[in-house]
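Here is the structure we will look at.
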Amino acid sequence: MSILELLGQGFATVLTPAGLGFVFLGVLIGQIVGALPGIGPAAGMALLLPLTFGLDPAIAIMMLAGIMYGGQYGGTLTSVLINVPGEASGVMTAVDGHKLAREGRAGTALSIAAIGSFIAGIGAVIAVTFITPTLSDFALRFNAPEYFLLALLGVTATASLGASPVRALMAGVLGLMIALVGADPLTGAPRLTFGQPALFEGIDFIPVAIGIFGIGEVLASLERSHAMEPIRTRFRDMLPKMSDWVATRAAILRGGIIGLFVGIMPGAGASVASLLAYLTERKFSPHPERFGKGALDGVAAAEAANNSASHGAMIPMLALGIPGSASTAVLLAALILHGVRPGPMLMQQESTLVWGLIASMFVGNLFLLIINLPLAPLFAALLRVPYVYLAPGILALSLVGAYAATLDLGTVWMCIVFGVLGWLMIKFDIPRPPLVLALVLAPMLEMSLRQSLLLSFGSLSIFVERPISAVLLVVVLFSLALPVYGALKRSRART
Numbered sequence: 001m002s003i004l005e006l007l008g009q010g011f012a013t014v015l016t017p018a019g020l021g022f023v024f025l026g027v028l029i030g031q032i033v034g035a036l037p038g039i040g041p042a043a044g045m046a047l048l049l050p051l052t053f054g055l056d057p058a059i060a061i062m063m064l065a066g067i068m069y070g071g072q073y074g075g076t077l078t079s080v081l082i083n084v085p086g087e088a089s090g091v092m093t094a095v096d097g098h099k100l101a102r103e104g105r106a107g108t109a110l111s112i113a114a115i116g117s118f119i120a121g122i123g124a125v126i127a128v129t130f131i132t133p134t135l136s137d138f139a140l141r142f143n144a145p146e147y148f149l150l151a152l153l154g155v156t157a158t159a160s161l162g163a164s165p166v167r168a169l170m171a172g173v174l175g176l177m178i179a180l181v182g183a184d185p186l187t188g189a190p191r192l193t194f195g196q197p198a199l200f201e202g203i204d205f206i207p208v209a210i211g212i213f214g215i216g217e218v219l220a221s222l223e224r225s226h227a228m229e230p231i232r233t234r235f236r237d238m239l240p241k242m243s244d245w246v247a248t249r250a251a252i253l254r255g256g257i258i259g260l261f262v263g264i265m266p267g268a269g270a271s272v273a274s275l276l277a278y279l280t281e282r283k284f285s286p287h288p289e290r291f292g293k294g295a296l297d298g299v300a301a302a303e304a305a306n307n308s309a310s311h312g313a314m315i316p317m318l319a320l321g322i323p324g325s326a327s328t329a330v331l332l333a334a335l336i337l338h339g340v341r342p343g344p345m346l347m348q349q350e351s352t353l354v355w356g357l358i359a360s361m362f363v364g365n366l367f368l369l370i371i372n373l374p375l376a377p378l379f380a381a382l383l384r385v386p387y388v389y390l391a392p393g394i395l396a397l398s399l400v401g402a403y404a405a406t407l408d409l410g411t412v413w414m415c416i417v418f419g420v421l422g423w424l425m426i427k428f429d430i431p432r433p434p435l436v437l438a439l440v441l442a443p444m445l446e447m448s449l450r451q452s453l454l455l456s457f458g459s460l461s462i463f464v465e466r467p468i469s470a471v472l473l474v475v476v477l478f479s480l481a482l483p484v485y486g487a488l489k490r491s492r493a494r495t
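If you read the sequence shown in the UniProt record's numbering, its first letter stands for residue 1, the second for the next number, and so on.
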C-alpha cells in the first residue's frame, strides 16, 4: 500500500467519536500540564499512563502523544505572561515573549506562537509521514563526539545572548558548575555535595528555572516603580496584525526546519532546538538588536522549533525504537505496557497504530490552534491586573510548581535561593538564559565527552576524524570567535 493509503487508514482510526475525544482530551491535558511549572509533558504522560490500561492501544498512544505536543503549547502561556518557563524548551520563548507582554503585546506573542507552533507541527508531521527512513539513517550517524559538540555549541552560542559575551559565558560556566553537583553519572561518587544527602541527586532544572526566571523577575519587577502599574492596552491591540505575520513567517519556517532535524537526533530535545533556532534567527534578522528586548520573530522561531522537535522525535522512535526525548521515552514505555513491541518492524507489524498516531497529530495540532487562537487575548488580558496583585499569585504558582515536581520542601527552599540569585543577575545585568541552558545541556555534554574519550582511549583526535564532528567543531570555534570579533569591532569604532 502507498503512504497516502496508509495515512487514509490512520485518519479512519482517528475520525471516530472515541478517537477524536481522546485526542482532544490529550491535547487539553498537555496544554494544562505544560502551563504548570515543574510538571511538563513527560511527567504528565507518566502520571496518566496507568489510566490508559483499559483503552485500545492505538487510542491510548494517540492520547499520550497529544499530551506530549500539547505541552509545548501550554508552556508558552507561563513563559510569555509571567516569565516562568514550564520546561527547558520554553526558556528562549520567555526571553522575548515576556518583554512583549510588558509592552502590551502579550496577545500578539501568544497568537504568533500558536500559529508558528501549528505550522511547524504540521510540517514536522508531514516529514514523519514521508521521510522517516532517510532522516532516521542520518540520525544513526550521530555518536558520542557529535552529541558532545552539539551540546558544547549550545553552551558557547549563549555568548551572543546579552550585551556582554563575557558575562553571558560566565553565566553559562556557572550553570555547568551547578550541574556538577550530585553523583558522578559513571562512578556514582559524590561531587560538590558538602556532605549533604539532599544534594546527592543533584540540582534539578525545575527549581533553578523557576527561581531564576519566575521569582527573580517578580523581585526585580516589584523593585521597579512601573511594575506596580497594570499594563494599559486595548483589546484590539492584543490581536496580531498582518504585518506581524509577514515579519515572522520566515522565522517560523527556519525554526520548524531546525526543530525537525534536531528532534530526530536522540537526546538532543526541544530545548536544544529552540536555542539553535533563536540564535539562527538572530543572525538572519534585519534587527538583531531587538533580540532579548522583545523580538516577535525570536518568539516565533523558538516556538516553531520546540513544537517541530517534539514531533521530529517521533521519527527515531517509530522507525528504530529509539526515543528522541524524555516524552518519547514515556511513549515507548506505553507501547511496551500495551503489548506492542517497538523497533524497526513496528511500522509493518502495527501499521494501524502507527498510522493512526501520525494522523492524530494532524488533528491534535488543529485542535490546539482552535483552542489557543481565540483565548490568546483572554490570557493576555490578565496583564491588565495591577502587578501588585499578580505578584503573590505568580510566587504561589512558582513555589507550588517547585514542590509538585519533587514533593520535597527542600526544592522550595532551593527555588527561593535561585530566585535571589536571579534577582542579583538582573541587577548586575548578567543574562540569565545561558545559566539555565548550560544546566540543561550539561548532562549530555559530560556523558558524551566521557564516552568519546573512552572510545578513543583518551585521544582528542576523535573530534576531528569524523566528518560531522569536524564540521561541528568548526562551528563551535566560530561561535566563540564571532562575539570576540564583534567586541573588538565595537571598541575600535569608539576610538
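Glycine residues also receive a C-beta, built at the ideal position from the N, C-alpha and C atoms.
Bridge-paired residues (DSSP) for residue i
i, result
"P190", "A183"
Local Cβ density within 10 Å of residue i, reported as buried at 16 or more and exposed below that
i, result
"P392", "exposed"
"P85", "buried"
"F457", "exposed"
"M242", "exposed"
"S111", "buried"
"V474", "exposed"
"G312", "buried"
"I215", "buried"
"G66", "buried"
"R466", "buried"
"K99", "buried"
"E289", "exposed"
"D297", "buried"
"D429", "exposed"
"A301", "buried"
"G10", "buried"
"F118", "buried"
"T93", "buried"
"I336", "exposed"
"E5", "exposed"
"D244", "buried"
"P41", "buried"
"S225", "Confidence at S225 is low in this model, with a pLDDT of 49, below 50, so the placement of that residue is unreliable and no value is reported for it."
"V125", "buried"
"G356", "buried"
"F53", "exposed"
"Q72", "buried"
"E350", "buried"
"I3", "exposed"
"A493", "exposed"
Supposed close pair residue i, residue j - CB separation, criterion 8 Å
i, j, result
"Q31", "G74", "4 Å"
"R364", "A309", "It should be noted that the sequence gives Gly, not Arg, for residue 364. So it is not a contact: roughly 16 Å between Cβ atoms."
"A273", "I258", "6 Å"
"L439", "A179", "5 Å"
"A114", "V80", "That belief does not hold up - the Cβ atoms of A114 and V80 are roughly 11 Å apart, past 8 Å."
"S360", "M62", "4 Å"
"L64", "G26", "7 Å"
"A402", "I203", "That belief does not hold up - the Cβ atoms of A402 and I203 are roughly 12 Å apart, past 8 Å."
"residue 519", "L449", "Residue 519 lies beyond the residue range present for the chain, which begins at 1 and ends at 495; the question has no answer from this structure."
Closest by C-alpha distance to residue i, when choosing among the options
i, options, result
"I212", "I264, A183, I468, P431", "P431"
"W423", "V23, L149, L222", "L222"
"A171", "C415, L25, I206, P433", "P433"
"P57", "G19, L81, I416", "G19"
"L366", "P443, I3, E350, G70", "G70"
"P483", "A168, N83, A109", "A168"
"F418", "A404, D408, S398, A124", "S398"
"G182", "G175, A438, L477, R191", "R191"
"L318", "N306, E303, V340, N307", "V340"
"Y485", "S164, L337, R249", "S164"
"L174", "L421, A35, V476", "L421"
"L186", "A250, F478, Q451, A470", "Q451"
"A220", "V388, T328, A404", "V388"
"G284", "G255, V464, L81, T16", "The displayed chain sequence assigns Phe, not Gly, to residue 284. Of G255, V464, L81, T16, the residue nearest in Cα terms is G255."
"P374", "G107, M62, T16, G21", "G107"
"R249", "V299, L435, L454, G294", "V299"
"F22", "G34, L55, G44", "L55"
"V155", "A334, S479, G34", "S479"
"L409", "N83, A120, A198", "A198"
"A60", "I370, L353, S469", "L353"
"V91", "L275, L7, S2", "L275"
**Item:** Complete alpha helix (DSSP H) runs within the stretch 279–330 (minimum length 4 residues, chain order)
**Value:** For the alpha helix (DSSP H) assignment, the uninterrupted runs of no fewer than 4 residues enclosed by the stretch 279–330 are, from N- to C-terminal side, 296–312, 314–320.
**Request:** Starting from the N-terminal side, write out each stretch of the beta strand (DSSP E) that is 3 residues or longer and does not extend beyond the stretch 445–477.
**Result:** Listed in chain order, nothing qualifies, since the stretch 445–477 has no complete beta strand (DSSP E) run of 3 or more residues.
**Message:** To test your reading of the DSSP string, which unbroken alpha helix (DSSP H) runs of 4 or more residues are found completely within the stretch 334–374?
**Reply:** Listed in chain order, the complete alpha helix (DSSP H) runs (minimum 4 residues) inside the stretch 334–374 are 346–349.
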